[in-house]
Amino acid sequence: MFYLYILYSKSRDRFYTGQCNDVGDRYLRHNLRKNKSTKSGR
């Protein structure tokens, strides 16, 4: 299954969008700092 997500950061007042086919894996990669695309939001 394919997912599109839109996240909002209240502290930065900014929206983030993305897509993935495995939400659990995407969340894990974000928390392990494996994605440059979310680096500025950490």
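Going by numbering that gives the first Met the number 0, the sequence shown opens with residue 0, and the numbers climb by one from there. Cβ atoms here follow ideal geometry from the backbone N, Cα and C, with glycine treated the same way.
- Non-local beta-carbon contacts of residue 16 in its own chain, meaning distances under 8 Å to residues more than five positions away in sequence, involve 3, 4, 5 and 6 in chain order.
- When the five nearest sequence neighbours on each side are left out, the beta carbons in the same chain lying within less than 6 Å of the beta carbon of residue 1 are those of 20, in order along the chain.
- Beta-bridge analysis with DSSP links residue 3 to 18.
- Residue pairing of residue 8 in beta bridges, as defined by DSSP: 13.
- Residue 33 carries a coil assignment under DSSP once its states are collapsed to helix, strand and coil.
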